[in-house]
Amino acid sequence: MSKNEAPASATPTDPARRRFLNTTTLAGIAGAGLTMGLAGCNESGKPTKAAAGGAASAPAAAAGEAVEYSKYEVPPGQLDAYYALSSGGHSGEVRIYGLPSGRLFKRIPVFNIDCLVGWGITNESKKIMGTNADGSLKYFTGDTHHVHPTYTDGTYNGKYIFVNDKIHGRLARVRLDTMECDRITEIPNVQGFHGVFPDKRDPVDANINSTTRVFCGAEFQIPTPNDGHDLDKPENYFALFTCVDAETMEVRYQVKVDGNLDLIATSYDGKLACSNQYNSENGVHYEQMMTAERDACVFFHIERIEAAVKAGKTFRIGNSPVPVVDGRKAANADPKTALTCYVPVPKNPHGVNASPDGKYFACSGKLSPTATLISNELVLKWFDGGLKEPRDTVVAEPEIGLGPLHTAFDNRGNAYTTLFLDSQIVKWNVEAAIKSYQGDKNAKPVVDRIDVHYQPGHGFTSMGETKEADGKFFLSDNKFSKDRFLPVGPLHPETAQLIDISGDKMKLVADHAVYSEPHDSIVIRRDIIKTRQVYDVAEFPNAVKDPKDCRVERNGKKVTVYLTSQAPTFGLREWTVKRGDEVTIILTNHDKVQDLTHGFAIPKYNVNFIVNPGETKSVTFKADKPGVYWAYCTNFCHALHLEMRSRMLVEA
Ligand code: K7E
Ligand code: CUA
Ligand code: CA
602 MSKNEAPASA TPTDPARRRF LNTTTLAGIA GAGLTMGLAG CNESGKPTKA AAGGAASAPA
662 AAAGEAVEYS KYEVPPGQLD AYYALSSGGH SGEVRIYGLP SGRLFKRIPV FNIDCLVGWG
722 ITNESKKIMG TNADGSLKYF TGDTHHVHPT YTDGTYNGKY IFVNDKIHGR LARVRLDTME
782 CDRITEIPNV QGFHGVFPDK RDPVDANINS TTRVFCGAEF QIPTPNDGHD LDKPENYFAL
842 FTCVDAETME VRYQVKVDGN LDLIATSYDG KLACSNQYNS ENGVHYEQMM TAERDACVFF
902 HIERIEAAVK AGKTFRIGNS PVPVVDGRKA ANADPKTALT CYVPVPKNPH GVNASPDGKY
962 FACSGKLSPT ATLISNELVL KWFDGGLKEP RDTVVAEPEI GLGPLHTAFD NRGNAYTTLF
1022 LDSQIVKWNV EAAIKSYQGD KNAKPVVDRI DVHYQPGHGF TSMGETKEAD GKFFLSDNKF
1082 SKDRFLPVGP LHPETAQLID ISGDKMKLVA DHAVYSEPHD SIVIRRDIIK TRQVYDVAEF
1142 PNAVKDPKDC RVERNGKKVT VYLTSQAPTF GLREWTVKRG DEVTIILTNH DKVQDLTHGF
1202 AIPKYNVNFI VNPGETKSVT FKADKPGVYW AYCTNFCHAL HLEMRSRMLV EA
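Letter by letter, the sequence shown follows residues 602 to 1253 in this note's numbering.
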């Protein structure tokens, strides 16, 4: 082997590499005093089998089986079968890539500034993002976690996706036809807005089988209003559940809860939304958040909540106009009128996911080696007064492994849960788990396990969050890549691992490196998404409709420059402004050919944005530096792309 050849020794299935990471992770957490929680106790307080490190029944996926990797390649010129729409974590963006190839197609700026697109730079994007009185951006950071599209009839309709900003408590909407963000709403009186999920049907009107509401969970309890009172009185802190209108993006109502809210799931019948809560203790320090043996999965009876809002059984918080109803336990003791139902689940659950048959919610406890399966039908029965205890809605609680986080489903009755600490995906059978819970000793819920590299967060199946779950692929978004890729300095990429789940045994078929830090994705069939590549000039109210309309207009110290772009020229070769002018440049791209995007940058003025075919955008800045400034096209468009430039003359 020559020096340049890659060493063949580091095989992906080398178990030693996995053990190394696992041990350090456990040691780190044990050092933090979490050993007890991780040991995972069953009802009797005895450590469980899984807690001892053993798989409940099935061994780790046999490494021996050969995988035909080429089967999962997408040859040059061919297209992927799926889109993956993925959050970008604290990059504040959303990404779109293809599966099974893993090709990255697009990064959609949402809560972040992006100088390629001009997001956070153009007037139009700043208006969506929100500005202060002086026109500066209100926030320019964000933390996206959960991406969920709109539904019709239990499956994706290709209209919008919603994504949260955990930092500033905002909900954004991305249009799926243009794959651009069109609205951002700030939710009042919450911090740590984490979980988001659209509804799938109307809770009342059976004729509405599409998404009309988006539900949002707040993870951090705060004083409400958070105006300086009760600063260090955690007993007065609260979290809120919020409903946002999917079309107008207005906040409709909020529900005050006991404890906190984390991820959100919604039922296929439209009647229920639910959220796992890990801090039912109202703790402010992490050890306080782990004191209770059980936390909860909180169910929201949407129809009753909306009736209470309509009937005015509400209050307001501070200056917020949003009506709030009381969803705390004490106010909802009678199931027949209750707005909420707190189903106890083992301590500190992290995720909750609805099964595609509409029957169950799986809620996993990261400090318990179990997944709790809650029946949709039984929750409704509890709300009807037909069950004694909220806990009676639980139909299974299989032991699946250490550090279970998120669960995805196939179309054959199997669930796939990410095991953060075990660094595995565990496949378990829903019916077997139910039988086992009912006492059937022969029922073996766990049917397969596969190692992932390393420490998975979310995992998602193809179409798995719809009733069209197809059971073909599982994508594991892992939190550490360690040695899986060529080293690139201290910040490692994450590993998104593609697993073929179509057979009895899960097969790892590809490693994709992804830039930090995706949390959640959805894997959506390509035929569902219908995009457009070219805008119509008339769609933009401020469009410069004809290249002949290019001109400079002055109104006192305010100057507007009307510009068009047509490769390889801008509509004006030069324009003159005076030092101190407030200059607005409006640029309409009159090239209507697909893929013919122009860029527009002005040196020393921090101006940089693109105009897609038919699109209009504008920027406003103060001409405070006299001189000649070459405005030029930044986006390669033509053989004479470099010549595509005009002069801005700023008189002293
Ligand atoms: Cu588990 Cu924000 Cu969905 Cu990350 S959360 S993994
Ligand atoms: Cu226009 Cu490059
Ligand atoms: Ca807890």
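Quick reminder that beta carbons are idealized off the backbone N, C-alpha and C, glycines included.
1. DSSP state of M1274, grouped into three classes?
2. Under a criterion of Cβ closer than 6 Å to any non-hydrogen atom of ligand 5, which residues qualify, in chain order?
3. What alpha helix (DSSP H) runs, 4 residues minimum, are completely inside the region 1030-1082?
4. Have a look at G1215 and D778 and give me their C-alpha separation to the nearest angstrom.
5. Under 8 Å, with one C-beta from each stretch per pair, do the region 778-791 and the region 837-852 reach the 3-pair mark?
6. Closer than 8 Å: is that where the CB of H1113 sits relative to any heavy atom of ligand 1?
7. Would a C-beta distance cut-off of 9 Å place I568 and R814 closer than the cut-off?
8. Would you check if the distance between the CB atom of D1121 and the CB atom of H747 is smaller than 9 Å?
9. Please classify N1213: is it buried, with 16 or more other beta-carbons within 10 angstroms of its beta-carbon, or exposed?
10. In its own chain, which residues sit with a C-beta less than 7 Å from the C-beta of Y838, not counting the 5 before and 5 after it?
11. Would you please state the rounded distance, in angstroms, between the beta carbons of V711 and E694? I believe it to be under 8 Å.
12. How is the beta strand (DSSP E) around L1188 delimited, first residue to last?
13. Quick one: does the C-beta of F1258 sit closer than 8 Å to a heavy atom of ligand 2?
14. Short of 6 Å in beta carbon distance, which residues of its chain neighbour L979, apart from the five on each side in sequence? Order them along the chain.
15. Buried or exposed: where does D833 fall if 16 or more other Cβ atoms within 10 Å of its Cβ makes it buried?
16. Please state if the CB of P701 and the CB of H749 are separated by a distance shorter than 9 Å.
17. If we ignore side chains and look at the alpha-carbon of each, how far apart do D1049 and Y879 end up?
18. Given this structure, state the Cα-to-Cα distance separating C898 from K801, to the nearest angstrom.
19. Classify L1099 as helix, strand or coil using the three-state DSSP reduction.
20. Could you give the distance in angstroms between the alpha-carbon of C1151 and the alpha-carbon of H1242?
21. With DSSP collapsed to three states, give me the class of I722.
22. Under 9 Å, do A685 and I1100 count as touching if we go by C-beta distance?
23. Measuring CB to CB, does A997 end up less than 9 Å from L974?
24. Which residues in the same chain have their Cβ closer than 7 Å to the Cβ of A1070, if we skip the five residues on either side of it in sequence?
25. Roughly how many whole angstroms lie between the Cα atoms of R619 and V1089?
26. Run through the DSSP bridge pairs and tell me what T971 is partnered with.
27. Given 8 Å as the limit, tell me if M1191 has its C-beta closer than that to any heavy atom belonging to ligand 2.
28. Just curious, the alpha helix (DSSP H) that R905 is in, first and last residue?
29. What do you get for T849, buried or exposed, if any count of 16 or more other CB atoms within 10 angstroms of its CB means buried?
30. What would DSSP say about I1130, mapped onto helix, strand or coil?
Here's the rundown:
1. With the chain covering only 602 through 1253, there is no way to say anything about residue 1274.
2. Among the ligands in the structure shown, ligand 5 does not appear; only ligand 1, ligand 2 and ligand 3 can be found there.
3. 1031-1038
4. Within the sequence shown, numbered from 1, the residue matching residue 1215 stands at position 614. Within the sequence shown, numbered from 1, the residue matching residue 778 stands at position 177. Rounded to the nearest angstrom, the two C-alpha atoms are 15 Å apart.
5. yes
6. Start at 1 with the first residue of the sequence shown, and residue 1113 comes out as number 512. Checking the Cβ of H1113 against ligand 1 gives no.
7. Since the first and last residues shown for the chain are 602 and 1253, residue 568 lies out of range.
8. For the purposes of this step, residue 1121 is identified with residue 520 of the sequence shown, where counting begins at 1. For the purposes of this step, residue 747 is identified with residue 146 of the sequence shown, where counting begins at 1. Contact flag set, yes.
9. In the sequence shown, residue 1213 corresponds to position 612, counting from 1. Buried, by the Cβ-count rule.
10. For the purposes of this step, residue 838 is taken as residue 237 along the sequence shown, with counting starting at 1. Contacts found: Q822, I823, P824 and N883.
11. As a position in the sequence shown, residue 711 is number 110, starting the count at 1. As a position in the sequence shown, residue 694 is number 93, starting the count at 1. Confirmed, Cβ separation roughly 6 Å.
12. Position 587 of the sequence shown holds residue 1188. Unbroken beta strand (DSSP E) run through L1188: E1183 to N1190.
13. Here the chain covers residues 602 to 1253 and nothing more, so residue 1258 does not appear.
14. Here residue 979 corresponds to residue number 378 of the sequence shown, with the count starting at 1. T994, listed in sequence order.
15. As a working note, residue 833 is residue 232 in the sequence shown. It is exposed - the Cβ of D833 has fewer than 16 other Cβ atoms within 10 Å.
16. Mapped onto the sequence shown, residue 749 falls at position 148. Mapped onto the sequence shown, residue 701 falls at position 100. No, the Cβ-Cβ distance between H749 and P701 is not below 9 Å.
17. Looking up residue 1049 in the sequence shown gives position 448. Looking up residue 879 in the sequence shown gives position 278. Those two C-alpha atoms are separated by around 28 Å.
18. In the sequence shown, the residue the question calls residue 898 occupies position 297. In the sequence shown, the residue the question calls residue 801 occupies position 200. Rounded to whole angstroms, C898 to K801 spans 19 Å at the Cα level.
19. In the sequence shown, counting from the first residue as 1, residue 1099 sits at position 498. L1099: strand per DSSP, three-state reduction.
20. Here residue 1151 corresponds to residue number 550 of the sequence shown, with the count starting at 1. Here residue 1242 corresponds to residue number 641 of the sequence shown, with the count starting at 1. In a straight line, the C-alpha of C1151 is about 20 Å away from that of H1242.
21. Taking the sequence shown and counting its residues from 1, the one referred to as residue 722 is at position 121. Three-state result, I722: coil.
22. Residue 685 sits at position 84 when you count from the first residue of the sequence shown. Residue 1100 sits at position 499 when you count from the first residue of the sequence shown. Their beta carbons are not under 9 Å apart, which means A685 does not touch I1100 by this criterion.
23. Against the sequence shown, residue 997 aligns to sequence position 396. Against the sequence shown, residue 974 aligns to sequence position 373. Taking 9 Å as the Cβ cut-off, A997 and L974 qualify as a contacting pair.
24. Here residue 1070 corresponds to residue number 469 of the sequence shown, with the count starting at 1. So the qualifying residues of the chain are P957, F1010, D1011, N1012, T1062 and M1064.
25. Within the sequence shown, the letter at position 18 stands for residue 619. Within the sequence shown, the letter at position 488 stands for residue 1089. The predicted position of R619 is uncertain, since its pLDDT is 48 and thus under 50; no value can be drawn from it.
26. Here residue 971 is taken as the residue at index 370 of the sequence shown, counted from 1. In the DSSP output, where bridge partners are listed per residue, T971 has E1000.
27. Taking the first residue of the sequence shown as 1, we reach residue 1191 at position 590. Reading off the sequence shown, one finds His at residue 1191, where the question assumed Met. Result no, Cβ not under 8 Å from ligand 2.
28. For the purposes of this step, residue 905 is taken as residue 304 along the sequence shown, with counting starting at 1. It spans I903 to K911 - the alpha helix (DSSP H) in which R905 sits, taken as one unbroken run.
29. Position 248 of the sequence shown holds residue 849. Classification of T849: exposed, given that the 10 Å Cβ count is below 16.
30. Working through the sequence shown from its first residue, we reach residue 1130 at position 529. The answer is coil: DSSP assigns I1130 none of H, G, I, E or B.
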